[in-house]
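See below for the structure under consideration.
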Amino acid sequence: IDFEYRYCNQEFYRYTGIPADSVIGNFVSTSPIISDPAARKRLFHELLDVYQNGYQTKAWIHNTFLNKYYSYTRNRVEGGVLTVLQDRTEEFEMTRQLEEQKRLMDNIMAQSSNAITVSEMIRDESGTIIDMKTLLVNEAAVRNTGIPKELYLSKTASELDPNFVGSPYFALCVQCMETGEPVVTQY
Numbered sequence: 010i011d012f013e014y015r016y017c018n019q020e021f022y023r024y025t026g027i028p029a030d031s032v033i034g035n036f037v038s039t040s041p042i043i044s045d046p047a048a049r050k051r052l053f054h055e056l057l058d059v060y061q062n063g064y065q066t067k068a069w070i071h072n073t074f075l076n077k078y079y080s081y082t083r084n085r086v087e088g089g090v091l092t093v094l095q096d097r098t099e100e101f102e103m104t105r106q107l108e109e110q111k112r113l114m115d116n117i118m119a120q121s122s123n124a125i126t127v128s129e130m131i132r133d134e135s136g137t138i139i140d141m142k143t144l145l146v147n148e149a150a151v152r153n154t155g156i157p158k159e160l161y162l163s164k165t166a167s168e169l170d171p172n173f174v175g176s177p178y179f180a181l182c183v184q185c186m187e188t189g190e191p192v193v194t195q196y
């Protein structure tokens, strides 16, 4: 038993840079486009499983030769297996960048000796900022204020301190949010 490549659309050739004569008419067992014997064996067994059992297979792959990430879906069709590839390189790169930014943010939050909080502004129907809710708080802020982290993250600023709204610090927070200009303060 073997699987013969019978059709690839033009996007496949553009994406991979592999010429049609290296694909069409070749068999999985002898295809020049799969040089790694372990990869060839995995591909063959996956195709065989889909073909014999009718199960759909989905996976993400990093192709080191192309330096691209893609997802694929394999389905049994009459007489064979249809594989659909989707380029996920950009998606993977964005995810990697987000994870890197999160690690950086986590490091800053954990290592800073300064109190850091990140809050979401709460607005009324007219768009006026009327309160804030903390989304992130570091240990330095917890130490400096004495407010437990769980409380910080579960209550609005006015629930934590009824005098907060209308205070000079609240006015600075609103100014920063409305203008986009940073505010540095000490107290």
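If you count by my numbering, then the sequence shown holds residues 10 to 196, one letter each, in order.
Glycine included, C-beta positions come from ideal geometry on N, C-alpha and C.
The closest CA to that of Q19, considering only I43, A29, E55, V151, is found on A29.
Under the DSSP assignment, V59 falls in the alpha helix (DSSP H) whose first and last residues are 46 to 62. Comparing alpha-carbon positions, the option among G175, V37, V146, S135 lying closest to S163 turns out to be V146.
A contact is defined here as three or more CB-CB pairs under 8 Å, and the stretch 152 to 160 fails this definition with respect to the stretch 182 to 189. Here V127 is exposed: its Cβ has fewer than 16 other Cβ atoms, across all protein chains shown, within 10 Å.
Of the other Cβ atoms in all chains shown, fewer than 16 fall within 10 Å of the Cβ of T104; this residue is therefore exposed.
In the structure shown, E13 adopts extended strand secondary structure according to DSSP, grouped into three states. Inter-residue distance for N35 and C17 is about 12 Å (C-alpha atoms, whole angstroms). Between the stretch 54 to 74 and the stretch 102 to 117, the count of C-beta pairs closer than 8 Å stays below three; the two stretches do not touch. Judged by DSSP in its simplified three-state form, F179 adopts helix.
Setting aside the 5 residues that flank it on each side, E129 is surrounded in the same chain by K142, L144, each with a C-beta closer than 6 Å to its C-beta; the list follows chain order. In chain order, H71, R97, T98, F101 place their CB closer than 6 Å to the CB of Y78, counting only its own chain and leaving out the 5 sequence neighbours on each side. Residue range 19 to 25 is occupied by the alpha helix (DSSP H) that includes Q19.
Between R83 and the set T73, K67, F74, the nearest pair of CA atoms involves K67. Taking all protein chains in view, the Cβ of F74 is surrounded by fewer than 16 other Cβ atoms within 10 Å, so the residue is classified as exposed. With a cutoff of 8 Å on beta-carbon distance, V193 and I139 are scored as not near each other.
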